[in-house]
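Protein chains: 2
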Amino acid sequence: MKRNKKMSPEQLNKRKAIIEAAIEFFSRRGFHKTKISQIAKAAGVADGTVYLYFKNKDDLLINAFEDLIGEKLVNIQNRIEHEASAKDKLLKFFDYHIELFTEKQAVARFLAIELRQSPDFYKSYPDYEPLKKYLDYLKNLADEAIAEGDIRKVDTVALSYLIFGTMDFLLTEWSTRNQKFSLQEKKEQIVDIVNHGIGVN
Amino acid sequence: MKRNKKMSPEQLNKRKAIIEAAIEFFSRRGFHKTKISQIAKAAGVADGTVYLYFKNKDDLLINAFEDLIGEKLVNIQNRIEHEASAKDKLLKFFDYHIELFTEKQAVARFLAIELRQSPDFYKSYPDYEPLKKYLDYLKNLADEAIAEGDIRKVDTVALSYLIFGTMDFLLTEWSTRNQKFSLQEKKEQIVDIVNHGIGVN
DNA sequence: AAAATATGAATGAGTGCTCATTCTGTCAAT
DNA sequence: ATTGACAGAATGAGCACTCATTCATATTTT
Numbered sequence: 004m005k006r007n008k009k010m011s012p013e014q015l016n017k018r019k020a021i022i023e024a025a026i027e028f029f030s031r032r033g034f035h036k037t038k039i040s041q042i043a044k045a046a047g048v049a050d051g052t053v054y055l056y057f058k059n060k061d062d063l064l065i066n067a068f069e070d071l072i073g074e075k076l077v078n079i080q081n082r083i084e085h086e087a088s089a090k091d092k093l094l095k096f097f098d099y100h101i102e103l104f105t106e107k108q109a110v111a112r113f114l115a116i117e118l119r120q121s122p123d124f125y126k127s128y129p130d131y132e133p134l135k136k137y138l139d140y141l142k143n144l145a146d147e148a149i150a151e152g153d154i155r156k157v158d159t160v161a162l163s164y165l166i167f168g169t170m171d172f173l174l175t176e177w178s179t180r181n182q183k184f185s186l187q188e189k190k191e192q193i194v195d196i197v198n199h200g201i202g203v204n
Numbered sequence: 004m005k006r007n008k009k010m011s012p013e014q015l016n017k018r019k020a021i022i023e024a025a026i027e028f029f030s031r032r033g034f035h036k037t038k039i040s041q042i043a044k045a046a047g048v049a050d051g052t053v054y055l056y057f058k059n060k061d062d063l064l065i066n067a068f069e070d071l072i073g074e075k076l077v078n079i080q081n082r083i084e085h086e087a088s089a090k091d092k093l094l095k096f097f098d099y100h101i102e103l104f105t106e107k108q109a110v111a112r113f114l115a116i117e118l119r120q121s122p123d124f125y126k127s128y129p130d131y132e133p134l135k136k137y138l139d140y141l142k143n144l145a146d147e148a149i150a151e152g153d154i155r156k157v158d159t160v161a162l163s164y165l166i167f168g169t170m171d172f173l174l175t176e177w178s179t180r181n182q183k184f185s186l187q188e189k190k191e192q193i194v195d196i197v198n199h200g201i202g203v204n
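Line by line, the protein sequences are chains A and B.
Numbering (the working numbering) for the first sequence: 4 to 204.
Numbering (the working numbering) for the second sequence: 4 to 204.
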């Protein structure tokens, strides 16, 4: 089978099964502790089959991430769409981000922690798209909100870093500390600070 | 040699040499790609000697982190001390944090990325102290600033997450994107937002 | 429409390599 | 002579990845 060629529906299913199994294991056991054989077994395919769909373990990680963050972003975008102003969208972003990542706690860990366990991840993907898209989306919302006069004229790149970085760390703390505190409440407190930080007056 | 027993000065030096070499390699090549033999060589000791000072590779990582963050925190605390108000201290914190971690870019990567590559790190250290100390220090500064009436009454835990998370992500972005943007400038923009976010009026 | 042939997807046992860790012998200090 | 630090070679466990083979489906031949 040739990778990057169009696949039959069954092949797409198989690919998806592998990715889902990979996310599940990476999330729960970590990248380095997950064996290809485990993923293969969970996906109901043979070890070798994994290599028909992905170049190597890192490549599998990258693809899993791509699928995942893409899906999440689309999901957020859809739900955010009907908000009246860009500022409202921006504030809702916190809610949906948290909501989507709490729903599947494994996913939160995957994104927040495990992804960083691929040694070549950042090196190989200096302009890596999915994360960039996520950040860009935030930046664009902020730009709009400024244009609409609803928030102060702040550096929107800085703001996107602030939002993503804070959420990332919040989720990391929450999941590694075994959910010892209320995610919702901390989120609200953070939104409060950010909201004031970008307020017009 | 018994670990955790008092060591001779030479032994302390050797320990330090190993830790410094470890930080250097972990920072540059990543935890998993760094071989004990490399660290040993760089530190001028034999492979086996590393195991006289540290239980295993993970233990070495933990200790390196402990040394490092402890040292950085003390360093920041010392420099911050003479600031007039807690609020000023809090704002200066950004500067010193960035400054100290830029100085040795390797260290920034080490803290921001590589540390998370120890699979057992978070699991084994649910109440891990050094990072907690760092966060607590931030929280305490914020509490003081509130008591002094210089900032709004915000959730100071949330604020500490916001500050650390944002700085962490900023440094990650900066170092993985090969310093394509001005760290100083982005930091200032972030401080601007946070400053407004916690402002009294 | 049955048989013969071709295609390429899928399998999974086996391979080979990479290190973390251990072990044994040496040396220095007292 | 004894103790403990140290060196560095040796070990072996773990695991990503390979590849000779099988199997299922499509295509051609009669």
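Idealized CB from N, CA, C, for every residue including glycine.
Counted within 10 angstroms of its Cβ, other Cβ atoms place residue i as buried (16 or more) or exposed
i: His-85/B; result: exposed
i: Val-77/A; result: exposed
i: Lys-75/A; result: buried
i: Phe-184/A; result: exposed
i: Lys-90/B; result: buried
i: Gln-182/B; result: exposed
i: Asp-171/A; result: buried
Rounded straight-line distance, which links the Cα of residue j to that of residue i
i: Ala-115/B; j: Thr-175/B; result: 6 Å
i: Gln-187/B; j: Ile-201/B; result: 21 Å
i: Ser-163/A; j: Asp-50/B; result: 45 Å
i: Asp-195/B; j: Phe-97/A; result: 20 Å
i: Tyr-54/B; j: Ile-42/B; result: 12 Å
i: Ser-30/B; j: Thr-105/B; result: 13 Å
i: Lys-60/A; j: Arg-32/A; result: 15 Å
i: Lys-38/A; j: Glu-151/B; result: 54 Å
i: Pro-133/B; j: Ile-72/B; result: 6 Å
i: Gln-14/B; j: Gly-47/B; result: 13 Å
i: Leu-165/A; j: Asn-66/B; result: 30 Å
i: Phe-57/B; j: Lys-136/B; result: 23 Å
i: Leu-103/B; j: Val-157/B; result: 27 Å
i: Ile-154/A; j: Ile-149/B; result: 25 Å
i: Leu-94/B; j: Ala-24/A; result: 45 Å
i: Phe-68/B; j: Glu-191/A; result: 31 Å
i: Leu-138/B; j: Phe-167/B; result: 7 Å
i: Arg-18/A; j: Asp-62/A; result: 13 Å
i: Ile-22/B; j: Val-110/B; result: 12 Å
i: Asp-70/A; j: Lys-44/A; result: 21 Å
i: Leu-173/B; j: Asn-81/B; result: 24 Å
i: Ser-40/A; j: Asn-16/A; result: 19 Å
i: Leu-64/B; j: Arg-180/A; result: 20 Å
i: Asp-88/A; j: Lys-189/B; result: At residue 88/A the sequence reads Ser, which differs from the Asp that was named. Each residue's Cα considered, the two are about 26 Å apart.
i: Glu-27/A; j: Ile-79/B; result: 40 Å
i: Ile-193/A; j: Thr-52/B; result: 47 Å
i: His-199/A; j: Tyr-140/B; result: 23 Å
7 Å Cβ shell around residue i - same chain, five flanking residues per side excluded
i: Gln-108/A; result: Ser-178
i: Val-160/B; result: Lys-142
i: Arg-112/B; result: Ser-30 and Ser-178
i: Glu-117/B; result: Phe-29, Ser-30, Gly-33 and Phe-34
i: Asp-146/A; result: Thr-159
Secondary structure of residue i, DSSP reduced to three states
i: Glu-188/B; result: helix
i: Arg-82/A; result: helix
i: Ser-88/B; result: coil
i: Ala-49/B; result: coil
i: Ile-154/A; result: coil
i: Thr-37/A; result: coil
i: Asn-181/B; result: coil
i: Ile-116/A; result: coil
i: Asn-59/B; result: coil
i: Lys-75/B; result: helix
i: Met-170/B; result: helix
i: Lys-142/A; result: helix
i: Lys-135/B; result: helix
i: Lys-107/A; result: coil
Contact set for residue i: own chain, Cβ-Cβ below 6 Å, skip 5 residues either direction
i: Lys-92/A; result: Ile-83, Glu-86 and Leu-144
i: His-100/A; result: Met-170
i: Val-197/B; result: none
The ligand SAH heavy atom lying under 8 Å from the CB of residue i
i: Gly-47/A; result: Ligands displayed in this structure: none; no statement on the ligand SAH is therefore possible.
Chain-order list of residues whose beta-carbon lies under 8 Å from that of residue i (same chain, five-residue window excluded)
i: Asn-20/B; result: Position check: residue 20/B holds Ala in this sequence, whereas Asn was assumed. Result list for Ala-20/B: Ala-46, Gly-47 and Val-48, in chain order.
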